[in-house]
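Using the working numbering, the final residue of the sequence shown is 237, and nothing's skipped along the way.
Have a look at the structure below, then the notes.
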Amino acid sequence: MDFTLKAYQSFLRVIVESGYRVITVRDYLASEQLSPFVILRHDVEWNPRRAQHIADAELRLGLRSTFYFRANTRAYDIPLMLQLQNEGFEIGYHYDTLDRCNGDFDKAIALFEEELSRFRRAGVNVQTVCSHGNPRVRKRGYQANYDIFLKDEGLKRRADILGEAYLDLDFSAVKYLSDAGIRWNVGLTTRQIEALIRTKEQPAFYILVHPDYWSRTWIRALALKCAARGIKIFRINNIIAAIREYSSILSRTR
């Protein structure tokens, strides 16, 4: 089953066994990297506990990645950010200020600077940031939250950051893989992507993994996939309960 923590652990092993170095966004922007490498990034949208599960899986293999935390959801968990930072992970700011300010650039830039300062005052060493994308938010006068950097060319310097995880990456030099929407953007399953990695034909990957999408159990993973595909007859918890009941019935009839 795709999108379980067991599947993610297997995915990481394939990366390591195929000879790829796992680096952070900060590593990539700070200095030239020799291939083969994987830039591994996580956007923490809602549940910090799931970010911990992903980090634990990486720690078991001696890997370190980048975690971008939102400032306006319960993902904003300073103790966890500091813990991960102390363990060697990069922690960054996952911003959506243009969305929240209805496209008002002045307000969005001011809010960005205010929230970035809040991270740093709490002890989080933010060196890179990453735009959040929400297709449900109507964009008025802008295309993406990172447009604040295009509008204000001095913002990156004032913010004292190395760069932005979309704007400052050379996408022509890496294979970009994203699990947004609980499906891989290249139309492959996780196992098929593992096979692609094993070929070692691609010198560099840029991989985005959302911790909220990866589950301890296959039941939750299946429920999330159903919800993402627009199956809205039941709430996720009801789907999980129904699957468990069905599994119980099957076990009794065997």
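Beta carbons are placed, not taken as given, at the ideal position from N, Cα and C, and that holds for glycine.
Buried or exposed for residue i, going by 16 or more other Cβ atoms inside 10 Å?
| i | result |
| --- | --- |
| residue 31 | buried |
| residue 146 | buried |
| residue 118 | exposed |
| residue 155 | exposed |
| residue 128 | buried |
| residue 133 | exposed |
| residue 99 | buried |
| residue 28 | buried |
| residue 172 | exposed |
| residue 214 | Unreliable placement is indicated for residue 214, whose pLDDT of 46 sits below 50; no coordinate value is reported for it. |
| residue 198 | buried |
| residue 33 | buried |
So who's on the other strand from residue i, going by DSSP bridges?
| i | result |
| --- | --- |
| residue -13 | 198 |
| residue 147 | 112 |
| residue 4 | 20 |
| residue 125 | According to DSSP, residue 125 bridges with nothing at all. |
Between the alpha carbons of residue i and residue j, how many angstroms are there, rounded?
| i | j | result |
| --- | --- | --- |
| residue 120 | residue 181 | 38 Å |
| residue -11 | residue 144 | 35 Å |
| residue 216 | residue 53 | Model confidence at residue 216 stands at a pLDDT of 39, short of 50, so the residue's coordinates are unreliable and nothing is read from them. |
| residue 49 | residue 73 | 5 Å |
| residue 84 | residue 63 | 28 Å |
| residue 168 | residue 160 | 6 Å |
| residue 131 | residue 111 | 15 Å |
| residue 86 | residue -3 | 42 Å |
| residue 246 | residue 123 | This structure gives no information on residue 246, because the portion of the chain shown stretches from -16 to 237. |
| residue 11 | residue 148 | 10 Å |
| residue -1 | residue 25 | 18 Å |
| residue -6 | residue 68 | 23 Å |
| residue 59 | residue 175 | 34 Å |
| residue 94 | residue 41 | 33 Å |
| residue 186 | residue 65 | 32 Å |
| residue 196 | residue -14 | 7 Å |
| residue 248 | residue 138 | Only positions -16 to 237 of the chain appear in this structure, which leaves residue 248 out of reach. |
| residue 20 | residue 13 | 15 Å |
| residue 22 | residue 7 | 6 Å |
| residue 61 | residue 105 | 7 Å |
If you follow the beta strand (DSSP E) that residue i is in, where does it begin and where does it stop?
| i | result |
| --- | --- |
| residue 11 | First-last for residue 11: 8 to 13, but that is the alpha helix (DSSP H), not the beta strand (DSSP E). |
| residue 25 | 20 to 27 |
| residue 165 | From DSSP, residue 165 is part of no beta strand (DSSP E); its letter is neither H nor E. |
| residue 191 | 187 to 192 |
| residue 49 | 49 to 52 |
State the start and end residues of the unbroken alpha helix (DSSP H) segment that holds residue i.
| i | result |
| --- | --- |
| residue 142 | 138 to 142 |
| residue 60 | No alpha helix (DSSP H) holds residue 60; DSSP gives it neither H nor E. |
| residue 43 | First-last for residue 43: undefined, no H or E at that position. |
| residue 130 | 130 to 134 |
| residue 152 | Careful: residue 152 lies outside any alpha helix (DSSP H) and carries neither H nor E. |
| residue 177 | 173 to 181 |
| query | Considering only residues of the segment 74 to 99, which uninterrupted beta strand (DSSP E) runs meet the minimum length of 3 residues and lie entirely inside it, listed in chain order? | reply | none
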